[in-house]
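K.L.:
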Amino acid sequence: MISGSIEEEYEGMVEAYEKAGGDKDSLADKDIAKLVVHENRVLSADEVSGIKLETKETENGVDIRFLIEEGVKVKKPVHLCFGVLPEEGLQEIVLKVNAGDNSEVSVIAHCIFPNAVKVIHKMDADIEIGQNARFDYKETHYHGEFGGIELILKARVKVNKGGVWQSTFALSDGLVGKMDYDFEVFCEEDSVAELIVKAYGKGEDDIKILEKIHLNGEGARGLAKSRLVLSDKAKAEVRGETYGNAPHSRGHVDCIELVNGTEAVATAIPMVSVTNEAAKVTHEAAIGSVDRRQVETLMARGLDEDRAVDVIVKGILR
Amino acid sequence: MLQVDELFLELDNKTIINGLNLEVKKGEIHGVLGENGTGKTTLAYLIMGVNGYKPTSGKMIFEGKDIGGLSVSQRAQEGISLAWQEPARIEGLTVRDYLSLSGNNPGVKRISECLDMVGMEPLRYLERDIDSTLSGGERKRIELASIMAMQPRLAILDEPDSGIDIVSLPILLSGILELNRQGSSILMITHSEQMVEIAHRVSVLCAGSILRTGPPEEMSSWFKDNCQSCAHINEPMLEALSELIKKGKNDD
Chain A
0 MISGSIEEEY EGMVEAYEKA GGDKDSLADK DIAKLVVHEN RVLSADEVSG IKLETKETEN
60 GVDIRFLIEE GVKVKKPVHL CFGVLPEEGL QEIVLKVNAG DNSEVSVIAH CIFPNAVKVI
120 HKMDADIEIG QNARFDYKET HYHGEFGGIE LILKARVKVN KGGVWQSTFA LSDGLVGKMD
180 YDFEVFCEED SVAELIVKAY GKGEDDIKIL EKIHLNGEGA RGLAKSRLVL SDKAKAEVRG
240 ETYGNAPHSR GHVDCIELVN GTEAVATAIP MVSVTNEAAK VTHEAAIGSV DRRQVETLMA
300 RGLDEDRAVD VIVKGILR
Chain B
0 MLQVDELFLE LDNKTIINGL NLEVKKGEIH GVLGENGTGK TTLAYLIMGV NGYKPTSGKM
60 IFEGKDIGGL SVSQRAQEGI SLAWQEPARI EGLTVRDYLS LSGNNPGVKR ISECLDMVGM
120 EPLRYLERDI DSTLSGGERK RIELASIMAM QPRLAILDEP DSGIDIVSLP ILLSGILELN
180 RQGSSILMIT HSEQMVEIAH RVSVLCAGSI LRTGPPEEMS SWFKDNCQSC AHINEPMLEA
240 LSELIKKGKN DD
């Protein structure tokens, strides 16, 4: 159990952040907006011009209001760092994001639970992307090797006319534990939504993913993409749903799950629906073992079989 | 360098490779010329040790060592590699990564040279994934570049010209010659007489057997006269094949 002063907790988080692949220097850069939250304590919150990060500590977590002012184009990515360092804990993050019209921002979020034996991390996000605004969100998790974590991640995103929402969720280091990922995006006229999930399930990981895109505005476009690799006794269910409700809207669901071993179980449920005759939504889903031809292609360059499989798996999750 | 003796392969009670004998000498480009379905790719797979292609009988000796029991990796580590006719696409693996994996730890400079040699602009391709966003011709040229980066002792090139446009073909041929100049012996498997023009020696393959071996011009002419017009193409009757083998020997 790590306890003590805010400074000690901050140092612990920075160290774990670095181990999880984060850039430690970015947390010290004054030109970068950032937020570091450990359990329910805000350890650091730095704004830059055009960005507001308002926080309120709650019993089990933090409520956050993240505002990007209209027309602001943020040069350096905003860094968010959430974590629970002890073996047990509950962290509830309620996140409200408002990206003003014509704004542009890139956000890198690191979620760190390196010692989790019995940890629950919940995120409930309500996000609005303004007209012609662009929001790029990358969330990377690091969970350690105990697998004692439950993730409940929910987001509702509204993308207004001409706006762009791109999110990438990656969890390939450590055990996933139990994960329930539920992202739903509503796209207005000429807006774009791209949801990407990449995860490596090992041990007894239990992964549920729901990516839902509603193409409600004319010319809206959406992609729900997932890449999962499962080994040991891990199981995963991926649902990709896209609804073409407006003329000339275009959507695609793309799911690949690789099963490495005999006990892992993968399920893919793509769902496409069109309620407008000028809309088009497509899907593709592939589940199977690592492709033998790919493995032998790399083996013919001198890699042994295990290394070849490793390279293919890392490529899928990159 | 490579000696293949009396090689047989039967799959589903069908003889695919039928007592094949072949010698690739050190430093040479050796063309294997054959029509579709004669066993060209199967021969490449047998030499490389691809899964599911284990000889029913016969020997393959590489640099004095019997390679019959070695895995694909082990054969590659011995110095044999294969540029596949239809190379796999691997999501998330960039051209730079793929060529870096090709043994010898080639640096970016060497990787860029290899891409140049197959007519691909390094800045445009280094960070591209070798996935379905590449055209068939681009992927083939990257396959050849990866062989160049690896510089194996024996490079097996399976139909290196398939999917390559006519403008890129001379670049490809000069790349193969350069690979040979840099020390790799080459076994080039093809149905194209144009491709074997750069070979030192050519063997004609039909129904899993080498019918004869000789200089490129002579073999191309023989191939044209006997194989392209053969009524038994792809599935020659045994007697017809015996006749061809006999004819080949008599012509010698």
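Quick mapping for you: the protein sequence lines, in order, are chains A and B.
Residues 0 to 317, numbered by numbering that gives the first Met the number 0, are exactly what the first sequence covers, in order.
Residues 0 to 251, numbered by numbering that gives the first Met the number 0, are exactly what the second sequence covers, in order.
Even for Gly, the Cβ is constructed at its ideal location relative to N, Cα and C.
#1: Looking at the structure shown, is Q130/A part of a helix, part of a strand, or coil, going by DSSP?
#2: Is there a C-beta anywhere in chain A that falls below 8 Å from the one on V94/B?
#3: Terminal residues of the continuous beta strand (DSSP E) containing N17/B?
#4: Report the rounded CA-to-CA distance for M0/A versus L34/A, giving the unit in angstroms.
#5: Interface residues of chain B around K313/A at Cβ under 9 Å?
#6: Can you pull the chain B residues whose beta carbon is under 7 Å from the beta carbon of L227/A, in chain order?
#7: Could you list which residues in chain B have their beta carbon closer than 8 Å to that of R220/A, in chain order?
#8: Residues in its own chain within less than 6 Å of L227/A by CB, not counting five upstream and five downstream?
#9: If the cut-off is 8 Å on Cβ atoms, which residues from the stretch 143 to 159 of chain B count as contacting chain A, listed in chain order?
#10: Output needed for G146/A: all residues of its chain with C-beta closer than 6 Å, excluding positions within five of it in sequence on either side, in chain order.
#11: If you compare alpha carbons, which of Y141/A, E240/A, S102/A is closest to D181/A?
#12: Helix, strand or coil: how does DSSP classify Q73/B here?
#13: Measuring only the C-alpha atoms, how far is G182/B from V31/B?
#14: Interface residues of chain A around M47/B at Cβ under 7 Å?
#15: Please name the residues in the stretch 50 to 68 of chain A whose beta-carbon is closer than 9 Å to at least one beta-carbon of chain B, in chain order.
#16: Going by the beta-carbon positions, is the gap between I28/B and H190/B smaller than 8 Å?
#17: Would you kindly work out how many angstroms separate the C-alpha atoms of S171/A and E138/A, rounded to a whole number?
#18: At 7 Å on the CB atoms, spell out the chain B contacts of D172/A, in chain order.
#19: As an exercise, report each continuous beta strand (DSSP E) stretch of at least 3 residues that is fully enclosed by the stretch 86 to 127 of chain A, in chain order.
#20: In the DSSP assignment, find the beta strand (DSSP E) that holds G213/B and state where it starts and stops.
#21: Please report the residue range of the alpha helix (DSSP H) in which S111/B lies.
#22: Below 9 Å on C-beta distance, what does P86/B contact in chain A?
#23: Excluding the 5 residues preceding and the 5 following L152/A in the sequence, name in chain order all residues of the same chain whose CB lies nearer than 6 Å to its CB.
#24: Would you say D303/A faces chain B, with C-beta separation under 8 Å as the test?
#25: If you draw a straight line from the C-alpha of E85/B to the C-alpha of M187/B, how long is it?
#26: Reducing DSSP to helix, strand and coil, say where R180/B ends up.
#27: From this set, L143/B, T212/B, M59/B, T37/B, which residue's C-alpha is nearest V117/B's C-alpha?
#28: Following the continuous alpha helix (DSSP H) through A154/A, name the residue where it begins and the one where it ends.
#29: Quickly, what does DSSP pair Q193/B with across the bridge? List them, please.
#30: Please classify I129/B as buried or exposed, where buried requires at least 16 other C-beta atoms within 10 Å of its C-beta.
#31: Under a three-way DSSP split, which group does I1/A fall into?
#32: Indicate the three-state DSSP secondary structure (helix, strand or coil) for F7/B in the structure shown.
#33: Please classify K137/A: does DSSP put it in a helix, a strand, or coil?
#34: Would V49/B and S184/B be called neighbours here (beta carbons separated by less than 8 Å)?
#35: Can you list, in chain order, the residues of its chain with a C-beta nearer than 6 Å to that of D62/A? Leave out the 5 residues immediately preceding and following it.
#36: Check whether chain B comes within 8 Å of V310/A, counting only Cβ atoms and requiring the distance to be less than that.
P.N.:
The answer reads as follows:
#1: In the structure shown, Q130/A sits in coil (DSSP, three-state: anything other than H, G, I, E or B).
#2: No, because no Cβ of chain A sits closer than 8 Å to the Cβ of V94/B.
#3: 13 to 23 is the extent of the beta strand (DSSP E) around N17/B.
#4: Annotation note: pLDDT 39 at M0/A (below 50); position unreliable, coordinate value reported separately. If you draw a straight line from the Cα of M0/A to the Cα of L34/A, it comes to about 22 Å.
#5: Near K313/A (Cβ distances below 9 Å), the residues of chain B are G91, L92.
#6: For the C-beta of L227/A, not a single chain B residue is nearer than 7 Å; the gap to the nearest is close to 13 Å.
#7: Neighbours of R220/A on chain B: none; closest Cβ ~18 Å, over 8 Å.
#8: Within the same chain, L227/A has close Cβ partners A198, A235, E256.
#9: Correct list: S145, M149.
#10: Residues L174, G176, G202 of the same chain have their beta carbon placed closer than 6 Å to that of G146/A, with the five preceding and five following residues left out of the count.
#11: For D181/A, the nearest C-alpha among the options comes from E240/A.
#12: Residue state for Q73/B is assigned as helix, using DSSP reduced to three classes.
#13: Taking the CA atoms as reference points, G182/B sits about 20 Å from V31/B.
#14: Per Cβ cutoff of 7 Å: A299.
#15: So the list is empty, because no residue satisfies the distance condition.
#16: No; because the gap between Cβ atoms is not below 8 Å, this pair is not in contact.
#17: Cα to Cα, the separation comes out at about 12 Å.
#18: Under the 7 Å cutoff, chain B gives no residues; its nearest Cβ is about 16 Å from D172/A.
#19: Listed in chain order, the complete beta strand (DSSP E) runs (minimum 3 residues) inside the stretch 86 to 127 of chain A are 87 to 98, 103 to 111.
#20: Unbroken beta strand (DSSP E) run through G213/B: 208 to 213.
#21: Per DSSP, S111/B belongs to the alpha helix (DSSP H) from 107 to 116.
#22: What P86/B touches in chain A: R292, T296.
#23: If we look at L152/A and ignore the five residues flanking it on each side, its Cβ neighbours are M122, Y180.
#24: Contact with chain B is found for D303/A, since one of that chain's Cβ atoms lies less than 8 Å from the residue's Cβ.
#25: Distance between the alpha carbons of E85/B and M187/B is about 15 Å.
#26: Reduced to three states, the DSSP call for R180/B is helix.
#27: Ranking the options by Cα distance to V117/B, first place goes to L143/B.
#28: It is not in any alpha helix (DSSP H) - A154/A instead sits in the beta strand (DSSP E) that spans 148 to 158.
#29: The partner list for Q193/B (beta bridge, DSSP) is empty, contrary to what the question assumes.
#30: Burial call: buried.
#31: Note that I1/A scores a pLDDT of 45, beneath 50, so its modelled location is shaky; the value from the coordinates is reported in the next line. Correct three-state label for I1/A: coil.
#32: Taken through DSSP and simplified to helix, strand or coil, F7/B comes out as strand.
#33: Strand, per DSSP.
#34: In this structure, S184/B does not lie closer than 8 Å to V49/B by Cβ.
#35: Non-local C-beta neighbours of D62/A in its own chain, meaning closer than 6 Å and more than five positions away in sequence, comprise K55, V93, ordered along the chain.
#36: Judged by the 8 Å Cβ criterion, V310/A is in contact with chain B.
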